[in-house]
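Here is the structure we will look at, set down as structure tokens.
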Amino acid sequence: MTQPLPPYLRTKFPELAANWAQLQGYFYSRHVPAHTRLLMEGTVATRLYLVVQGSLRMWHTTDQREVTLQFFFENQPVASFESFYLEQPSDSAIETLEPTDLLILDKADFDQIRRTLPGFESSLNRWLYARFIAYRQRVYTQLQTTPTGRYQALVADNPMILDRVPLHEIATYLGMTPVSLSRIRARLNEQNGTNGV
Numbered sequence: 001m002t003q004p005l006p007p008y009l010r011t012k013f014p015e016l017a018a019n020w021a022q023l024q025g026y027f028y029s030r031h032v033p034a035h036t037r038l039l040m041e042g043t044v045a046t047r048l049y050l051v052v053q054g055s056l057r058m059w060h061t062t063d064q065r066e067v068t069l070q071f072f073f074e075n076q077p078v079a080s081f082e083s084f085y086l087e088q089p090s091d092s093a094i095e096t097l098e099p100t101d102l103l104i105l106d107k108a109d110f111d112q113i114r115r116t117l118p119g120f121e122s123s124l125n126r127w128l129y130a131r132f133i134a135y136r137q138r139v140y141t142q143l144q145t146t147p148t149g150r151y152q153a154l155v156a157d158n159p160m161i162l163d164r165v166p167l168h169e170i171a172t173y174l175g176m177t178p179v180s181l182s183r184i185r186a187r188l189n190e191q192n193g194t195n196g197v
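Sequential numbering of the sequence shown, starting at 1, is according to UniProt numbering.
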């Protein structure tokens, strides 16, 4: 079965797009039910996932509670990249939030592509730098913004998350309890005269 290269990867990795006919054999498709763990904390990540349809969540556990690091949706690559790249145990876990269709690339095949595809390593490094910068900006925003401000920014920047991700997961992503998130939503709804934000 021929699987098209997701648009996000075509844009970020033109070398993959130019050579997709030869490379697509390295990737395989899988449909995964909701709430399936793809990676456990403490295990080494051996697969890179590309979301064709669905959503995933990456999180880690601290002080007996889960902290969501990121949500992933269509066309996005997903892995615990430090673990995948450095072959060390992951400090985060990954699971599906809804039924999800994935393209999967095993580590050995990823390394083969890195070795043999000219220009891919440069594109990969640019992408990793951009990802690092985005994480850094998110941490600074988390530290400098009020809980209400964080929620309002999420609604403004990613409104579809509210339709696809349970509120308790959103709360851990925003660094608050589900009760706090409910209070913020109720207060904003009251101020705006609406029934749901």
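Each residue gets a CB set at the ideal place from its N, CA and C atoms; glycine is no exception. Treat the numbers as computed from the prediction; the structure is a model and nothing was measured.
Query - Residues that M58 bridges to, as DSSP identifies them - result: Per the DSSP secondary-structure output, M58 pairs in a beta bridge with Q70 and I94.
Report task. Mark A18 as exposed unless 16 or more other C-beta atoms lie within 10 angstroms of its C-beta, in which case mark it buried. Result -> Classification for A18: exposed.
Requested in this report: Between the Cα of R37 and those of L23, Q112, Q88 and H60, spot the shortest distance and give me the residue it belongs to.
Outcome: Nearest C-alpha to R37: H60.
Requested in this report: Could you tell me the distance, in whole angstroms, from the CA atom of H31 to the CA atom of V139?
Outcome: The C-alpha of H31 lies about 33 Å from the C-alpha of V139.
Query raised in the report: Distance, Cα to Cα, S182 vs F72?
Result: Taking the straight line joining both Cα atoms gives about 23 Å.
Query raised in the report: Leaving out the 5 sequence neighbours to the left and right, which residues in its chain are closer than 7 Å to F110 when beta-carbon positions are compared?
Result: Closer than 7 Å at the Cβ level, and outside the excluded window around F110, lie L48.
Requested in this report: Just confirm the distance between the C-beta atoms of S83 and I94, as a whole number of angstroms; I'd bet it's less than 8 Å.
Outcome: With 8 Å as the limit, S83 and I94 do not qualify as a contact, their Cβ atoms being about 10 Å apart.
Report task. Classify F27 as helix, strand or coil using the three-state DSSP reduction. Result -> Reduced to three states, the DSSP call for F27 is strand.
Query raised in the report: Would you call the region 168-188 and the region 116-126 in contact, with 3 or more CB pairs under 8 Å?
Result: Counting Cβ pairs under 8 Å, fewer than three are found: no touch.
Query raised in the report: Can you give, in chain order, each stretch of the beta strand (DSSP E) that sits fully within the region 88-154 and has at least 3 residues?
Result: As for any beta strand (DSSP E) of minimum length 3 sitting wholly inside the region 88-154, the runs are 93-96 and 100-106, ordered along the chain.
Query raised in the report: Looking at the structure shown, is L5 part of a helix, part of a strand, or coil, going by DSSP?
Result: L5: coil per DSSP, three-state reduction.
**Report entry** Residue environment, S92, which counts as buried when at least 16 other CB atoms sit within 10 Å
**Finding:** Counting the other CB atoms within 10 Å of its CB gives S92 a total of 16 or more, which places it among the buried residues.
Report task. Below 7 Å CB to CB, which residues in the same chain sit around T68 once its five sequence neighbours on both sides are set aside? Result -> Only R57, W59, E169, T172 and Y173 meet the Cβ criterion.
Query raised in the report: Which first and last residues belong to the alpha helix (DSSP H) in which Q191 is found?
Result: Element bounds for Q191: P178 to N192.
Report task. Measure the alpha-carbon distance for L16 versus I113 and round it to whole angstroms. Result -> Cα to Cα, L16 sits roughly 9 Å from I113.
Query raised in the report: Using the C-alpha atoms, what's the distance from V78 back to G149?
Result: Rounded to whole angstroms, G149 to V78 spans 27 Å at the Cα level.
Report task. Whole angstroms is fine: what's the gap from S29's alpha carbon to N192's? Result -> Rounded to the nearest angstrom, the two C-alpha atoms are 44 Å apart.
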